[in-house]
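All remarks here apply to the structure that follows.
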Amino acid sequence: MGRPWASLAVVAVAQAYFLVADRLPAIEPVDLSLLVAGLCGSAAIFACLAATAPAWDAPRPLAILTVGGLAVAVVLAVADVGAAATPVEAIAFGALGATLAAGLVSPAMALGLPVFVAVVDVLSTVAGGLSEHVANAGPPKGGDLLTLELPDWHSGLSGGRLGLSDAVFAGAFLLLARRVGFRPRATVLGMWLGTLAAITLAVLTGHAVPALPFIAAGYFAANADRLPGLFEAARRG
């Protein structure tokens with residue numbers, strides 16, 4: 011897994027943030043508080059994905075992260091620990107997405123899957139579907155296994171939420187990036203910046219904004235110079 015202690019340190023820092031976020035100083039105005047909560051929370055989530063992604067290259071560690079992570083996430087949901095469960099959920103759902111994508115790796119999948127899920131997420135949001143509010147989410151959802159809470163500072167409220175599908179497909183995109191010659195670190199950074207763009211737009215407009223189209227856009231933008239080669243590989247089959 012490369013440098014396991016460095017990965018553990020990243021996860022530990024992310025976990026510490028979610029444990030103390032509601033004790034940090036309040037920020038005014040409210041919109042700025044939501045932006046800070048979204049920035050810090052989403053950064054911690056994608057840092058957890060980046061730290062654990064090297065383990066996805068071997069089947070056994072990937073299975074342990076998926077099954078073990080999901081089991082711990084269920085226990086934390088039953089215990090109703092709130093946003094403190096977010097790092098574990100991010101790792102578990104990201105590993106689940108990587109597991110699902112591992113048997114489907116191809117240039118065509120690396121190009122088509124992000125576009126497909128982005129379109130579905132947009133249509134789901136327009137139709138009033140299950141997409142989560144990435145900002146200004148109101149009271150926390152106690153014991154909710156299907157969302158990743160982004161805690162607001164000091165207020166005890168939720169500054170926003172990412173849905174299970176956001177984390178699952180972010181993991182799938184990152185696994186594909188690692189397997190088809192994209193830049194893994196740049197891909198994580200691009201997906202985080204895309205998420206941050208969705209959060210910012212949601213705060214500024216006050217409307218629900220689907221995160222997956224922005225995550226997909228970040229995935230492609232981080233590897234724009236490598237897309238022609240991947241298109242050619244997909245064309246050749």
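Each residue of the sequence shown is one higher than the last, beginning at 11 in our numbering. Ideal placement from N, C-alpha and C gives every residue a C-beta, glycine not left out. Predicted model, so just to flag it, every value in this text is computed and none were measured.
Residue range P69 to A89 is occupied by the alpha helix (DSSP H) that includes R70.
Nearest to L86 by alpha-carbon distance, out of V130, A102 and A232, is A102.
Secondary structure at E242: helix, using DSSP grouped into helix, strand and coil. Burial state of F241 is exposed, judged by a 10 Å Cβ sphere holding fewer than 16 other Cβ atoms. Cβ-Cβ distances below 7 Å link A83 to A95, V98, E99, A102 and L155 in the same chain, with the five nearest sequence neighbours on each side left out; the list follows chain order. By the neighbour-count criterion, in which 16 or more other beta carbons inside 10 Å mark a residue as buried, V30 falls on the exposed side.
Taking the CA atoms as reference points, L123 sits about 19 Å from L59. Taking the C-beta atoms as reference points, L160 is found nearer than 7 Å to G169. In terms of CA proximity to A234, A120 leads the group A120, P69 and F56. In the assembly as shown, P14 is an exposed residue. Its beta-carbon has fewer than 16 other beta-carbons within 10 Å.
A residue is called buried when at least 16 other Cβ atoms come within 10 angstroms of its Cβ; T215 does not meet this threshold and is exposed.
In this structure, A232 and R193 form a Cβ contact; the two beta carbons are roughly 6 Å apart against a cut-off of 8 Å.
A Cβ-Cβ contact shorter than 7 Å links V219 with V144. The straight-line gap separating the alpha-carbon atoms of G51 and M201 is approximately 14 Å. Rounded to whole angstroms, the separation of the alpha carbons of A61 and A16 is 8 Å. In this structure, the CA atom of L106 is about 19 Å from the CA atom of V130.
Taking 7 Å as the cut-off, the beta carbon of A227 is found closer than this to the beta carbon of G204. Here P149 has L167 and S168 as same chain residues with Cβ atoms under 7 Å from its own Cβ, once five neighbours each way along the sequence are excluded.
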